[in-house]
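As structure tokens, the structure follows; a few thoughts come after it.
Chains as they are written, first to last, in the numbering used here: chain U, 789 to 1257; chain C, 789 to 1257.
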């Protein structure tokens, strides 16, 4: 089970040339090798360096994905699945070249099973387009990472977002996937039953595997009824610690929050500017409650009492749907707001997740690390889950600043691990956190790698991600 | 990835003799080879034939489990983990002999993290003893299969029970496990963070793997606050279809039932006799609602309106805690009630799970199969999940009756699969459903087996389960 160093990844020039020739012939207009498209398909939204694939192909069906993988398998050429390209950890980079498989044209909503609260979609469907489609059915899909990501990509990185505290992450919301495996075979991991004890949980083997075991081409996912009543509100706190302690106590009291989001003052300031809001420049908790009319009122009251204990402001409630949408859109655009704030700089983002009892301490110490290093690094978080992000702005021409940011990022992760947490709550490992994953999992990483080698012996499935191979 | 026929499983006599000698020396009083203990450790509660291990060992620590597995690995001797021996699919049988590792003495509750709503336990802790321990903390662990099973065994079979409709199964409630792998190495699959995107989901690789990939020795599992208000009640229906349709509509309406259990008339009759109740001999839904006082009242009202539409009786509410406990104890003892009813006969039990839209049809047709075959086969089910059980009584000396029961069981499973369901909702594959798993998963079973071969190349971990190897 020995792992090789990341430097061992070599381009297979002859294989790539052969595969490119065959695929060009086979896919015609749906196969491109232009530099701009290859650049676009290795864009990682972060400070990580782009590594271009040799070509991009746009399959229309699972069978076409299978055909592509079979051709690449024969010639031992890497395949890199591409959804919307919003990975924060270099997930779509092609360190040994190969073929980017862009699934955006596989965007059919195959069947909505309203009575079973599930839907089958192709992997290229984005979360926003799915919810648009579902709106008049009284149903919604809750998992909402910052980007309008594709559902296939979200499954691959085990994404979550603001609703996870109530509705779970992709781990809980994916019922089954159809995937093309490394030999080109197509499997469906499960039927539509809500639960099953039938064999290994291949669904959850693939969810979070970041394209390294198979390419997800279709998904069956859980839907939820749009609640009878929704109330969103803002509550401001004197310190991050107060906001975290309010969150902790509210979670422990079993108040069923649907969303509970933290923004520090830097984040609030940039959101104000980007989304033209005028929120007070204080530590913010942005909340949402779902339920019956009475249920939501109960939750609001209970939460308000806890917030008051920790010096929280009176609530500002977003009464109308429009106002609520405006607030959450601003929250979802937070990453772009920070980007705008950072001007020419890029971001080294990190996200960690700790048991909620450690949250206040973890966030407070992280803030101190960032300010001690003299960096601009707003903190935002899905604090109901104990999950938060730090976005550290770095000038790509300033090697010293990059080194400083990397040092802070390492401190953040090592602290989270020391608090019984994880090196990433929702962004994934990609290239950026390979070493941290190895530290987090100890011998476990060897067993992960054994699974990788068993299912993809030639290492053609998104190589150079998750493992130092 | 070729799979061998189950007949290829051979006893490794020399290896077993060597391992038995070494283990006897090493474990002294905690190692036994008496026939009665070996019989007890292959008792499967069902009609499946017992296959005895060569010895039973009672480790006290994870390190001791590791020592045992290392000795067995060196001599290529099977290890079969044993919790409470309540598998319904031959999970603890030893078709090629080997060592039964009884984890019941590893029964420490290591740490209750009340503020994080989780607990770390050793694998031998039973669900009832955990809940006893938690009672005065206002917390509980919801997963409740019929038996008072061990939590390690429950994780291994991805167990669920009556609360799964609201709280999920072991899949959702296990945060991390410590496991001894086939080479004796000890891994911990995750820390205590509520969510993580860090690498493959080894937790869920092991949950449901039935001891074929590793032996779970410790678990971190999620706890839930005991709700402010609980209401349990009985509602009787003219037909199974009416009861199922009530369930379907209640689920679709988003009424947050905590439990919704179906019993057919045969099941009600035997529960009456066994638990000394006097329930009317009609189709029964046994329900429970959790929430705030107001929330529970809302749920009761909404459910009552739906039940009325389908001819449901007025509710009989169990007002006191004692009355509620009595009802649910009767439900949990249902299997033993049926056993008592069946006299000398044994049971061929099967459990399937279908999308809820197919539930009424699936249960109704199953009832017809059973009565057409002239068998005694009560149906009970966790119908909120689309999951139900049929227990077919068979005289072990009557080969014709066994053949009839097997034919009916096959029909039940094949119908569930044709309805986009699974061949087992919560019992697992074990030995009894190996062929059905192969049908359900198609090529997927090859990838499961590739994982098995990668993590356990000598096939010493509970061999002869899940796969026809």
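Using N, Cα and C, we set each Cβ at its ideal position, and we do this for glycine too.
Cβ pair residue i, residue j closer than 8 Å
i                       : j                       : result
residue 888 of chain U  : residue 882 of chain U  : yes
residue 1193 of chain C : residue 1201 of chain C : no
residue 1098 of chain C : residue 1024 of chain C : no
residue 1190 of chain C : residue 1178 of chain C : no
residue 1227 of chain C : residue 1254 of chain C : no
residue 1006 of chain C : residue 1150 of chain C : no
residue 830 of chain U  : residue 880 of chain U  : yes
residue 903 of chain U  : residue 1041 of chain C : no
residue 854 of chain U  : residue 968 of chain U  : yes
residue 1279 of chain U : residue 1114 of chain C : Nothing can be reported for residue 1279 of chain U: it is not among the residues displayed for chain U, which extend from 789 to 1257.
Proximity winner among the options, relative to residue i (alpha-carbon distances)
i                       : options                           : result
residue 901 of chain C  : C:893, C:929 and C:1184           : C:929
residue 943 of chain U  : U:923, U:1001 and U:979           : U:1001
residue 1137 of chain C : C:812, C:836, C:818 and C:1145    : C:836
residue 986 of chain C  : U:1236, U:1225 and U:1239         : U:1225
residue 858 of chain C  : C:972, C:864, C:873 and C:1204    : C:972
residue 1158 of chain U : U:1186, U:1196 and U:1188         : U:1196
residue 816 of chain C  : C:843, C:839 and C:824            : C:843
residue 1215 of chain C : C:873, C:823, C:861 and C:863     : C:873
residue 1186 of chain C : C:1155, C:1175, C:1134 and C:1230 : C:1134
residue 921 of chain U  : U:1203, U:1011 and U:860          : U:1011
residue 1054 of chain U : U:1028, U:1077 and U:1147         : U:1028
residue 1153 of chain C : C:1169, C:1174, C:1203 and C:1188 : C:1203
residue 1008 of chain C : C:828, C:1095, C:1155 and C:898   : C:898
Whole-number beta carbon distance between residue j and residue i, since they are thought to touch under 8 Å
i                       : j                       : result
residue 1171 of chain C : residue 1048 of chain C : 6 Å
residue 962 of chain C  : residue 949 of chain C  : That pair is no contact at about 14 Å.
residue 1031 of chain U : residue 1073 of chain U : 5 Å
residue 1075 of chain U : residue 1045 of chain U : 6 Å
residue 937 of chain U  : residue 947 of chain U  : 7 Å
residue 896 of chain U  : residue 916 of chain U  : Rounded, the Cβ-Cβ distance is 16 Å, inconsistent with contact.
residue 1105 of chain C : residue 1019 of chain C : 6 Å
residue 939 of chain C  : residue 918 of chain C  : 7 Å
Local Cβ density within 10 Å of residue i, reported as buried at 16 or more and exposed below that
i                       : result
residue 1233 of chain U : buried
residue 809 of chain U  : exposed
residue 1117 of chain U : exposed
residue 923 of chain C  : exposed
residue 803 of chain U  : buried
residue 1110 of chain U : exposed
residue 790 of chain C  : Its pLDDT being 39, under 50, residue 790 of chain C is placed unreliably in this model, and the value from its coordinates should be taken loosely. With fewer than 16 Cβ atoms within 10 Å of its Cβ, residue 790 of chain C is classed as exposed.
residue 805 of chain U  : exposed
residue 960 of chain U  : buried
residue 989 of chain C  : buried
residue 982 of chain U  : buried
residue 976 of chain C  : buried
residue 1035 of chain C : buried
residue 841 of chain C  : buried
residue 1245 of chain C : exposed
Sequence-distant residues of its chain with Cβ nearer than 7 Å to residue i (five each side left out)
i                       : result
residue 1062 of chain C : 1121, 1124, 1125 and 1128
residue 1043 of chain C : 1087, 1090 and 1091
residue 799 of chain U  : 884 and 885
residue 793 of chain U  : With a pLDDT of 49 at residue 793 of chain U, under the threshold of 50, the modelled position of that residue is not reliable, and the figure given next carries that caveat. Excluding positions up to five away in sequence, the list reads 1256.
residue 1080 of chain U : 1016 and 1017
residue 893 of chain C  : 846, 848 and 912
residue 992 of chain C  : 959
Neighbourhood of residue i by C-beta distance below 6 Å, restricted to the same chain and skipping five residues each side
i                       : result
residue 866 of chain C  : 884, 886, 1248 and 1251
residue 1164 of chain C : 1181
residue 878 of chain U  : 832, 836, 1218, 1219 and 1220
residue 1014 of chain C : 926 and 928
residue 869 of chain C  : 889, 999 and 1003
Close-in-space but distant-in-sequence residues of the same chain around residue i (CB under 8 Å, 5 per side omitted)
i                       : result
residue 1162 of chain U : 1192
residue 1315 of chain C : Only positions 789 to 1257 of chain C appear in the structure, and residue 1315 of chain C is not among them; the question remains open.
residue 1059 of chain C : 1051, 1065, 1067, 1118, 1119, 1121, 1122 and 1125
residue 1242 of chain U : none
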